[in-house]
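Protein chains: 2
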Amino acid sequence: MNETPRPAYADDLRIGHVYRLGSHSVGEDDLVDFARQWDPQSFHVDAEAAAAGTFGGLIASGIHTLAIFQRLAVQGAFADWQVIAGRRLLDVEFRRPVRPGDVLTGSMTIDDIVVDERGRALVTAAAALVDQDDRTVLTTVIEVLVRAHP
Amino acid sequence: MNETPRPAYADDLRIGHVYRLGSHSVGEDDLVDFARQWDPQSFHVDAEAAAAGTFGGLIASGIHTLAIFQRLAVQGAFADWQVIAGRRLLDVEFRRPVRPGDVLTGSMTIDDIVVDERGRALVTAAAALVDQDDRTVLTTVIEVLVRAHP
Chain A
1 MNETPRPAYA DDLRIGHVYR LGSHSVGEDD LVDFARQWDP QSFHVDAEAA
51 AAGTFGGLIA SGIHTLAIFQ RLAVQGAFAD WQVIAGRRLL DVEFRRPVRP
101 GDVLTGSMTI DDIVVDERGR ALVTAAAALV DQDDRTVLTT VIEVLVRAHP
Chain B
151 MNETPRPAYA DDLRIGHVYR LGSHSVGEDD LVDFARQWDP QSFHVDAEAA
201 AAGTFGGLIA SGIHTLAIFQ RLAVQGAFAD WQVIAGRRLL DVEFRRPVRP
251 GDVLTGSMTI DDIVVDERGR ALVTAAAALV DQDDRTVLTT VIEVLVRAHP
């Protein structure tokens, strides 16, 4: 499947293009399950402690929020690109707490495409997740290596 | 549990302190399961396609690698701190592919502690994961909000 030509080589992408990446609903069980495995701090995994704490209830792990963005980005963009690999995330900001029941919607805007002499391109994109009230919960800038046309 | 005093308020942390965070083994099934859910690109989930591709085999999602770091950081440091929440990851670099069977070891060095007028501190730390051959696979700089002594 990796070798099947897809529509988008790096040369086919356009600077300034905005991808609407769809939405993901954050269930309480999913929030707690993710955090138990990867980020077991009380405000992510213990509803009672979280209710008495700073946020007044459970909040999602930032890594979980980032994983939700990645899932939406693969489904809405990368699956149609000739991706080699992700290389870097610049300035991942967890801007607001994400809570059980939140519905997060992703977007991504291509900022730059730089093709190298080895037929690869570094694609830079500004990424964001907003919640159901259009409040930004996550922003980052991603760098992805993408094949250029052979 | 959130309200139980722990040893380390922000004032108790020391700039320059290096945390040895322990190790995590990356199983092939775990690698594929994580990626199927959060980063379903062929080089993360399809062993046959990955073998024929750029890396000659499956590689872990960068988000999975970051989640492994977070788990080690919670177990080896944050669980003993008065953490309010993570705020930012600066410059997350996926420096080398992580493959099934790799054993990753984490470290974290406190770079800065800035207490604000609300009794909170922004703690900045340089973080890294190395593999079993001591090659760096992940680096980032994290910002975490931590309570100062009341």
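Going down the list, the sequences are from chains A and B. Using the working numbering, read the first sequence as starting at 1 and increasing by one per residue. Using the working numbering, read the second sequence as starting at 151 and increasing by one per residue. We put the beta carbon where it would ideally sit given N, CA and C, even for glycine. Predicted model only: the values in this text are computed from it and were never measured.
Judged by their CB atoms, Leu72/A and Leu145/A are not nearer to each other than the 8 Å cut-off. For Glu267/B, there are no neighbours in chain A by C-beta distance under 9 Å, as the nearest C-beta there is about 17 Å away.
Per the Cβ contact rule, the stretch 209-219 of chain B is in contact with the stretch 180-197 of chain B (3 or more Cβ pairs under 8 Å). With fewer than 16 other beta carbons inside 10 angstroms of its own, Asp266/B counts as exposed.
For the 8 Å CB-CB criterion, Leu89/A and Val176/B do not form a contact. Within the DSSP secondary-structure output, Ser25/A pairs in a beta bridge with Val103/A. About 5 Å separates the CB atoms of Ala271/B and Ile263/B; that is less than 8 Å, so the two are in contact. With a 10 Å radius around the Cβ and a threshold of 16 neighbouring Cβ atoms, Ala51/A comes out exposed.
According to DSSP, Ile292/B shares a beta bridge with Leu239/B and Ala275/B. The three-state reading of DSSP puts Asp162/B in helix, counting H, G and I together. Secondary structure of Asp112/A (DSSP, three-state): strand.
Only those residues of the stretch 227-246 of chain B whose C-beta falls short of 8 Å from the nearest C-beta of chain A are listed: Phe228, Ala229, Val233, Ile234, Ala235, Gly236, Arg237, Arg238, Leu239, Leu240, Asp241, Val242, Glu243 and Phe244. For Gln191/B, the C-beta contacts it makes with chain A under 8 Å involve Val74, Phe78, Ala79 and Val83, in order along the chain.
For Arg71/A, the enclosing alpha helix (DSSP H) covers residues Gly62 to Gly76.
Judged by pairs of C-beta atoms under 8 Å, the stretch 27-37 of chain A does not touch the stretch 131-139 of chain A, as fewer than three such pairs exist. Just measuring C-alpha positions, the residue of Ala35/A, Gly56/A, Pro150/A and Ile15/A sitting nearest Arg118/A is Pro150/A. Membership of His194/B in the alpha helix (DSSP H) is indicated by the continuous run Ser192 to Val195.
In the same chain as Thr215/B, and ignoring 5 residues on each side of it, the C-beta atoms closer than 8 Å to its own belong to Phe244, Val248, Leu254, Leu279, Val287 and Leu288, in chain order. One alpha carbon belongs to Ala126/A, the other to His167/B, and they sit about 34 Å apart.
The residue among Phe205/B, Ser173/B, Tyr169/B and Pro250/B with its C-alpha nearest the C-alpha of Asp183/B is Pro250/B. Counting every other CB atom within 10 Å of its CB across the protein chains shown gives Gly206/B a total below 16, marking it as exposed.
Among the residues facing chain A, Leu208/B is not included, as its CB has no counterpart in that chain under 8 Å away.
Sorting Ala199/B, Ile218/B, Asp252/B and Arg246/B by C-alpha distance to the C-alpha of Gln37/A places Ile218/B at the top.
When 8 Å is used as the limit between beta carbons, Arg71/A is near these residues of chain B: Gln187, Trp188, Asp189 and Pro190, in chain order. Listed in chain order, the non-local C-beta contacts of Val141/A below 8 Å within the same chain comprise Leu89, Leu90, Asp91, Asp111, Thr124, Ala125, Ala126 and Ala127, local neighbours out to five positions each way being set aside. Considering only Arg297/B, Gly256/B and Thr204/B, the residue with the shortest C-alpha distance to His174/B is Gly256/B.
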